[in-house]
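Count along the sequence shown from 1, then add 51; that gives the number in our numbering.
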Amino acid sequence: MNESEWAVGDRHRLTFDAFCDTHHRTWTGFAGARLGDPAVARGAVELAKSRVWREWPRILREQFPAFQAWTILKEEVGAALLQRMMDGAPPPPPEHVPLWVCAVRIAAERAQHLPETDGSHRELYAALRGLSERRHDVVLLRYLLGLTDRQIADCLATTEANVRSTAAQALARLAAALGARSGEPR
């Protein structure tokens with residue numbers, strides 16, 4: 052390898068490290084929320100980072116590098132979920148309330164999209180699972196991880212206006228699903 056190849060390689064490494072540092076909180080938060088086990092989540096993030104590094108020159112040529120990395124992360128998280136199921140790992144107990152469900156409930160209650168409830172998270176959890184993948188991602192990134200609309204738009208290769216619209220649609224769908232299930236007109 053000659054001197055200019057080393058310089059390009061070092062520059063790629065520097066931009067890759069900065070990119071990963073910028074997105075670390077988002078990636079670990081998403082993986083942790085989906086997988087529930089911090090060690091498994093860290094492993095999924097590390098696998099995603101190594102895949103992003105292997106594809107880094109191509110990803111840099113893409114219009115939305117963060118979206119390419121997000122897609123890879125979601126694939127690795129999905130693979131980790133599948134592996135846990137295949138290994139026979141037990142699902143969380145029914146009384147366990149995932150942190151992200153609590154965060155979404157609080158945010159939605161504040162936005163006055165959902166009625167306040169005295170506990171059961173199962174209906175909300177079922178309603179969240181019924182959201183489209185994009186709406187689910189926006190809800191998780193916005194209400195659990197507290198990302199700004201600009202950060203979410205960067206991750207999902209969309210506009211800030213689309214993020215706001217998707218969040219509003221998601222909350223409306225959650226409210227409708229919960230209203231229909233509890234027999235309350237909405």
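Every residue, glycine too, gets a C-beta built ideally from N, C-alpha and C.
Boundaries of the alpha helix (DSSP H) in which residue i is found, first to last residue
i, result
"residue 111", "107-112"
"residue 199", "Neither: residue 199 is in no alpha helix (DSSP H) and is coded neither H nor E."
"residue 131", "116-137"
"residue 193", "Careful: residue 193 lies outside any alpha helix (DSSP H) and carries neither H nor E."
Residue j beta carbon less than 8 Å from that of residue i
i, j, result
"residue 207", "residue 188", "yes"
"residue 179", "residue 77", "no"
"residue 75", "residue 120", "no"
"residue 221", "residue 186", "yes"
"residue 131", "residue 91", "yes"
"residue 218", "residue 190", "yes"
"residue 128", "residue 95", "yes"
Among the options, the one whose alpha carbon lies nearest that of residue i
i, options, result
"residue 204", "229, 114, 93 and 79", "114"
"residue 81", "117, 124, 64 and 107", "124"
"residue 106", "131, 194 and 67", "67"
"residue 79", "93, 69 and 71", "93"
"residue 108", "192, 216, 64 and 72", "64"
Cβ-Cβ separation, residue j to residue i (assumed contact under 8 Å), whole Å
i, j, result
"residue 224", "residue 182", "6 Å"
Notebook entry, point to check: With a cut-off of 8 Å, do at least 3 Cβ pairs link the segment 84-103 to the segment 210-226?
Noted result: no
Check: Does the segment 82-99 come close enough to the segment 131-138 to have 3 or more Cβ pairs within less than 8 Å?
Finding: yes
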